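In what follows, a structure is listed as structure tokens, so that the remarks can point back to it.
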Amino acid sequence: MLKIIANDLKIFLRDREVLFWAFVLPIVLVVLLGNALKSQFPTRDNINQYFKDITIEYMSHADEQVTQGFESFLNTMQEDMEINYQVTEDMATSIQKVKDKTITIAVEIKSDTEFVVTKNRTFKSDLAETFINLYVEKYNLLQTVQKEGVPAFMQDVYDSFYEQKDYNAYNTFNKITRDMSAMDYYGIANIFAMMFWVTTTVLPVFNHEKKMGLLGRVRIAGIGKSTYILSKYVSITAFLLLEAILLLLFNKYLLNVYIGEDVPRLILLIVSSVLMVSALSTFILAYFTKLDKGIGILNTFIPVVVFLGGGIIPILDFSVDSGLNSIAQYTPLFVQNKSAFALINGGNTAMVNTGLVYNTVLTLVLLVAAVMIFNRKEVR
Numbered sequence: 001m002l003k004i005i006a007n008d009l010k011i012f013l014r015d016r017e018v019l020f021w022a023f024v025l026p027i028v029l030v031v032l033l034g035n036a037l038k039s040q041f042p043t044r045d046n047i048n049q050y051f052k053d054i055t056i057e058y059m060s061h062a063d064e065q066v067t068q069g070f071e072s073f074l075n076t077m078q079e080d081m082e083i084n085y086q087v088t089e090d091m092a093t094s095i096q097k098v099k100d101k102t103i104t105i106a107v108e109i110k111s112d113t114e115f116v117v118t119k120n121r122t123f124k125s126d127l128a129e130t131f132i133n134l135y136v137e138k139y140n141l142l143q144t145v146q147k148e149g150v151p152a153f154m155q156d157v158y159d160s161f162y163e164q165k166d167y168n169a170y171n172t173f174n175k176i177t178r179d180m181s182a183m184d185y186y187g188i189a190n191i192f193a194m195m196f197w198v199t200t201t202v203l204p205v206f207n208h209e210k211k212m213g214l215l216g217r218v219r220i221a222g223i224g225k226s227t228y229i230l231s232k233y234v235s236i237t238a239f240l241l242l243e244a245i246l247l248l249l250f251n252k253y254l255l256n257v258y259i260g261e262d263v264p265r266l267i268l269l270i271v272s273s274v275l276m277v278s279a280l281s282t283f284i285l286a287y288f289t290k291l292d293k294g295i296g297i298l299n300t301f302i303p304v305v306v307f308l309g310g311g312i313i314p315i316l317d318f319s320v321d322s323g324l325n326s327i328a329q330y331t332p333l334f335v336q337n338k339s340a341f342a343l344i345n346g347g348n349t350a351m352v353n354t355g356l357v358y359n360t361v362l363t364l365v366l367l368v369a370a371v372m373i374f375n376r377k378e379v380r
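Residue 368 in the UniProt record's numbering sits at position 368 of the sequence shown, with consecutive numbering throughout.
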């Protein structure tokens, strides 16, 4: 078994087409797509585009006058800058929304003098926090003027404002998210996408073995069918894992792609994806007597999977047809990308667990089916 695996890996590493698809093309795509579509991702050059995307949820335990003053401020911001705001009944849910980037910030007015702002590290959150700080500073200034006395000519101006107490803002930062650039997106998305693409160049190597009748000679040597097909599974897994890890390192250290803070969990997700894609390749190898037909099906299937999974464009972020989105969310690459970016940009481990379960179930189903089918085949 080890000899079969070692021989397969040597063939993969010597095949120029396999190496091009596995290592050269992914890097080229990351650079090209990362630069070509960078305008579709957030930048700090155009602040206006952020205002209407800002959503603030708040809960107030302060007295009615303080609450009305804050609501009046938010209403003014909504009219002038088109920001969105709403009252929340559950601050824990609002904080989770901040982590998931569903809303921008959550504000809890715990008392007349204490504001708690929950935010993350995105630029929109920084803007929203600035608005809240402006509000706090405004009324701190009014209170200072009140203490020191108001000149007669300023009295009418002062009376036009709400008379508020001296506010203090206590900020709690969930520093687990950040703005994602185009390079960040494609640096991760292409790792998962290229696993699928590479299988279309790896399988032709085995097609050559079938045509040469190599399996028949292996069977004569006393190696069982299960051992043979599992050896192929391990060979593909080892090569795809090598590809994924090298691309991850290259993207992080040379292209400066952000891979998040929980790297071990991200690697675990990548490994589970490798196991799943390898199982798919092994199933194709076992099921099709004429492997050319299986490779042809893969060449049709994989582009669709890559597109729906966000390997070409971030399909959900571009607000494409909702019917298409409903189909996309069940595709393997979509689940992997969603899990990876939920972890990287939001620290959402629950979504990663969903991805791991999805990959594990598919791996077991495909691998068991491959072994059962191959064992029943007559091999020459």
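Virtual Cβ for every residue (Gly too), placed ideally from N, Cα, C.
Nothing here was measured: the structure is a model prediction, and the numbers come from that model.
Mapping DSSP to helix, strand and coil, what is residue 59?
Looking at residue 59 - three-state DSSP - the assignment turns out to be strand.
Leaving out five residues before and five after residue 360 in sequence, what residues of the same chain have Cβ atoms less than 7 Å from its Cβ?
Closer than 7 Å at the Cβ level, and outside the excluded window around residue 360, lie 272.
Tell me which same chain residues have a C-beta within less than 6 Å of the C-beta of residue 108, skipping the five on either side of it?
Excluding positions up to five away in sequence, the list reads 59, 91, 116.
Three-state secondary structure (DSSP) of residue 85
strand
For residue 274, count neighbouring C-beta atoms within 10 Å of its own C-beta (all shown protein chains included) and say buried if the count is 16 or more, exposed if not.
Sixteen is the threshold: when 16 or more other Cβ atoms of the shown chains lie within 10 Å of the Cβ of residue 274, as they do, the residue is buried.
Mind reading off the beta-carbon distance from residue 339 to residue 242? Whole number of angstroms is fine, and I expect it under 8 Å.
Rounded, the Cβ-Cβ distance is 22 Å, inconsistent with contact.
Just reading off the beta strand (DSSP E) that residue 99 is part of, what are its end residues?
In this chain, residue 99 is not harboured by any beta strand (DSSP E); it is covered by the alpha helix (DSSP H) spanning 91-99.
Please state whether DSSP places residue 377 in a helix, a strand or coil.
coil
Count the other C-beta atoms from every protein chain shown that fall within 10 angstroms of the C-beta of residue 130, then say buried if there are 16 or more, exposed otherwise.
exposed
Beta carbon of residue 196, beta carbon of residue 302: below 7 Å?
At the C-beta level, residue 196 and residue 302 come within 7 Å of one another.
Pair within 7 Å by beta-carbon distance, residue 306 and residue 193
yes
Three-state secondary structure (DSSP) of residue 348:
Reduced to three states, the DSSP call for residue 348 is coil.
For residue 2, does the count of other Cβ atoms within 10 angstroms reach 16, so buried, or fall short, so exposed?
With fewer than 16 other Cβ atoms within 10 Å, it is exposed.
Would you mind giving the Cβ-Cβ distance between residue 202 and residue 12, rounded to the nearest angstrom? I have them listed as a contact below 8 Å.
Confirmed, about 7 Å.
Residue range of the alpha helix (DSSP H) that includes residue 241
225-253
Is residue 257 helix, strand or coil by DSSP?
coil
Please find out if some non-hydrogen atom of the ligand MG comes closer than 6 Å to the beta-carbon of residue 126.
As for the ligand MG, it is missing from this structure, which has no ligand bound.
Taking 7 Å as the CB-CB cut-off, is residue 78 touching chain D?
Going by chain labels, chain D is absent from the structure shown, which holds only one protein chain.
Starting from the C-beta of residue 308, find all residues in its chain whose C-beta is less than 8 Å away, skip the five residues before and the five after it, and write them out in chain order.
Within the same chain, residue 308 has close Cβ partners 315, 324, 327, 328, 331, 333, 334.
Cutoff 7 Å; reference residue 86; Cβ partners in own chain excluding five residues on either side:
57
Determine the contact status of residue 468 and residue 54, defining contact as a CB-CB distance below 7 Å.
The first residue shown for the chain is 1 and the last is 380, placing residue 468 beyond what the model contains.
Can you give the Cα-Cα distance for residue 364 and residue 297, rounded to whole angstroms?
Cα to Cα, residue 364 sits roughly 21 Å from residue 297.
Can residue 371 and residue 226 be called in contact, C-beta distance under 7 Å?
Closer than 7 Å, so yes.
For residue 283, which residues of its own chain have a beta-carbon under 7 Å away from its beta-carbon, when the five flanking residues on both sides are left out?
366, 369, 370
Note down, in chain order, each residue of its chain lying with its Cβ closer than 6 Å to the Cβ of residue 354, except the 5 sequence neighbours on either side.
If you ignore the 5 residues before and after residue 354, its C-beta comes within less than 6 Å of no other C-beta in its own chain.
Kindly indicate which three-state DSSP category residue 355 falls into: helix, strand or coil?
helix
Rounded separation between residue 253 and residue 5 - CA only:
Roughly 30 Å between the two C-alpha positions.
Identify the continuous alpha helix (DSSP H) that holds residue 287 and give its terminal residues.
263-287
For residue 279, collect the residues of the same chain with a Cβ closer than 6 Å to its Cβ; drop the 5 residues on either side in sequence, then sort them by chain order.
363, 366, 367
Do you know offhand how far residue 349's Cα is from residue 245's?
Whole-angstrom Cα-Cα distance: 21 Å.
Cutoff 8 Å; reference residue 400; Cβ partners in own chain excluding five residues on either side:
Since the first and last residues shown for the chain are 1 and 380, residue 400 lies out of range.
Leaving out five residues before and five after residue 157 in sequence, what residues of the same chain have Cβ atoms less than 7 Å from its Cβ?
The predicted position of residue 157 is uncertain, since its pLDDT is 48 and thus under 50; a value taken from the coordinates is nonetheless stated next. Cβ neighbours of residue 157 beyond the five flanking positions: none.
By how many angstroms is the C-alpha of residue 75 removed from the C-alpha of residue 69?
10 Å
If I measure Cβ to Cβ from residue 186 and keep anything under 6 Å in the same chain, skipping five residues before and after, which residues do I get?
30, 33, 34
Run through DSSP, which three-state label would residue 69 get?
DSSP places residue 69 in helix when its eight states are reduced to three.
Residue range of the alpha helix (DSSP H) that residue 28 falls in?
25-36 is the extent of the alpha helix (DSSP H) around residue 28.
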